[in-house]
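Chemist:
In my numbering, the protein residues as written are 626 to 978.
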C-alpha cells in the first residue's frame, strides 16, 4: 500500500540516533531528507544466473548499494525513431523492495527470502543460516512439528520442495493474520510450477503454522490480478536487489529481537552475505566506532527500502530512523558486491551532495 504504513502490528522502537563516523574510506556525513513513502518492488531488473546459486552476477560486474538514498531514475531506453513525432520511451520505474520493522508481512518475506538464499548457497546449502532462521522466526512448537513432517515427507518443510524456487511472492490476507506465500519453481527449459500456501503468525510475529499446500499447478492463464489494497513483496532467487533486501531485512529483525538482539542469527547472516575479508574489516571498524557496522547505527530503523540506483552498477538502500513524534533521519550507505557471487565486499557512507 504505497505511502501508507501498515496498520496493526507494526512495532516501533523509541528513536535514538544514527551515526556516521568520519573514518577514512568508510564513513561520510549523515544525511537527512524527507520521507519518500513506501515503494513496492517492481520487476524490471534482469536476473543473472550462475552455477551453484539459482542466480548470480555476470563475471566482472561490480554492484554498489547505497543505504538511505531515495530511489533513483533508471536509464532510459529510447525507441528507434520512425517519424518526426516518435518520442523516446519513458524511463523504467526502478525496482525496489520496502520493509516495515515489526510488520508481519515484512517478517515473513524476510524469513522466506533469506531462507531461499541459505538453501541455494554454493557449493551446498548453508545449514547454519537455515537453522538460525528457523529458530528465530518459527515458534518452538511448530518447529518440532515441521521436523516430524520433513522426516515423513523427505522434503524441506518450509519450501515444501526438494529444490529452491526461482521466484517468490509474499502477500497479506484481508485480516492480516494469514500471509499467502507463492513459490515459483522451474523456468528456462523446465516446466514452471507454482506452489501456494498460507503462513499463519502469532501476535508477536513468530510463524506458528504453515498449512498444507493449497494449490500446485502449471502456469497457464495468468492468475486474477490481486486487489490494489493487498500489499505484497516479490523476490527473485539470486538477483541482486532481492539478496540485499533479504540480508538487511533479516538483519534488522535479528537486531530488533526481544528481549535482546539475536546474536546467533546476526552472526550467521554476516557469515553468509559478507566476504570473510570484509567481515574482518567490519569488526575492526565496529570496535573503533562503537556502532553496528551493517546498520551504521546504535538502534534499528523503523523502515527500509532497497532499490536500483542511478545506474546498473549501484543499488540504493534507505534506512529510516525515528517516526512518531521523533524527526525521521535517513542513513546513506554504499554497499559493494563481489562480482561473481554477489557477496558484500564493502559498506560505505554515501557522500552528501
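Just so it is clear, CB atoms sit at the ideal spot from N, CA and C, and this is done for glycine as well. Only a predicted model underlies this, so the values are computations on that prediction, with no experimental measurement involved.
Which residue's Cα is closest to the Cα of residue 945: 825, 720 and 877?
Modeler: Taking the first residue of the chain shown as position 1, residue 945 is located at position 320. The shortest C-alpha separation from residue 945 is found at 877.
Chemist: Does the distance from the CB of residue 959 to the CB of residue 898 come in under 8 Å?
Modeler: For the purposes of this step, residue 959 is taken as the residue at position 334 of the chain shown. For the purposes of this step, residue 898 is taken as the residue at position 273 of the chain shown. No, the Cβ-Cβ distance between residue 959 and residue 898 is not below 8 Å.
Chemist: Alpha carbon to alpha carbon, how far is residue 902 from residue 862?
Modeler: In the chain shown, residue 902 corresponds to position 277, counting from 1. In the chain shown, residue 862 corresponds to position 237, counting from 1. Taking the straight line joining both Cα atoms gives about 25 Å.
Chemist: Starting from the C-beta of residue 890, find all residues in its chain whose C-beta is less than 6 Å away, skip the five residues before and the five after it, and write them out in chain order.
Modeler: Residue numbering aside, residue 890 sits at position 265 when the chain shown is read from its first letter. 757, 761 and 879, listed in sequence order.
Chemist: Alpha carbon to alpha carbon, how far is residue 774 from residue 782? Give it in angstroms, no decimals.
Modeler: By one-based count along the chain shown, residue 782 stands at place 157. By one-based count along the chain shown, residue 774 stands at place 149. Taking the straight line from one Cα to the other gives about 7 Å.
Chemist: Since residue 806 and residue 795 should fall inside the 8 Å C-beta cutoff, what is the C-beta to C-beta distance between them, to a whole number of angstroms?
Modeler: As a first step, residue 806 must be located in the chain shown, where it is residue number 181. As a first step, residue 795 must be located in the chain shown, where it is residue number 170. Confirmed, Cβ separation roughly 5 Å.
Chemist: With C-beta atoms as the reference, is residue 869 less than 8 Å away from residue 940?
Modeler: Sequence index remark: in the chain shown, residue 869 carries index 244 (1-based). Sequence index remark: in the chain shown, residue 940 carries index 315 (1-based). It is a contact, given that the beta carbons lie within the stated cut-off.
Chemist: May I ask you to list the residues that DSSP assigns as paired with residue 932?
Modeler: By one-based count along the chain shown, residue 932 stands at place 307. For residue 932, which the question treats as bridged, DSSP gives the partners 721 and 941.
Chemist: Which residue wins for smallest C-alpha separation from residue 980, given the options 865, 777 and 925?
Modeler: Lying outside 626 to 978, the shown extent of the chain, residue 980 is not represented and no answer is given.
Chemist: Counting only the same chain and skipping the five closest in sequence on each side, list residues whose C-beta sits under 7 Å from that of residue 740.
Modeler: Translated into positions along the chain shown, residue 740 becomes position 115. Within the same chain, residue 740 has close Cβ partners 755, 758 and 783.
Chemist: Quick check: residue 956 and residue 921, are their CB atoms within less than 8 Å of each other?
Modeler: For the purposes of this step, residue 956 is taken as the residue at position 331 of the chain shown. For the purposes of this step, residue 921 is taken as the residue at position 296 of the chain shown. Taking 8 Å as the Cβ cut-off, residue 956 and residue 921 qualify as a contacting pair.
Chemist: Thinking just about the alpha-carbon of each residue, which of 797, 812, 772 and 721 is nearest to the one in residue 823?
Modeler: The count along the chain shown starts at 1 and reaches residue 823 at position 198. Among 797, 812, 772 and 721, the Cα nearest to that of residue 823 belongs to 797.
Chemist: Can you give me the C-alpha to C-alpha distance between residue 768 and residue 858, rounded to a whole angstrom?
Modeler: Position 143 of the chain shown, counted from the first residue, corresponds to residue 768. Position 233 of the chain shown, counted from the first residue, corresponds to residue 858. In a straight line, the C-alpha of residue 768 is about 24 Å away from that of residue 858.
Chemist: Drop a sphere of 10 angstroms on the beta-carbon of residue 912, count the other beta-carbons inside from all chains shown, and report buried for 16 or more, exposed for fewer.
Modeler: For the purposes of this step, residue 912 is identified with residue 287 of the chain shown, where counting begins at 1. Its Cβ having fewer than 16 others within 10 Å, residue 912 is exposed.
Chemist: Put residue 775 into one of helix, strand or coil per three-state DSSP.
Modeler: Residue numbering aside, residue 775 sits at position 150 when the chain shown is read from its first letter. Correct three-state label for residue 775: helix.
Chemist: Rounded to whole angstroms, what is the Cα-Cα separation between residue 909 and residue 787?
Modeler: Along the chain shown, one-based indexing puts residue 909 at 284. Along the chain shown, one-based indexing puts residue 787 at 162. Rounded to the nearest angstrom, the two C-alpha atoms are 40 Å apart.
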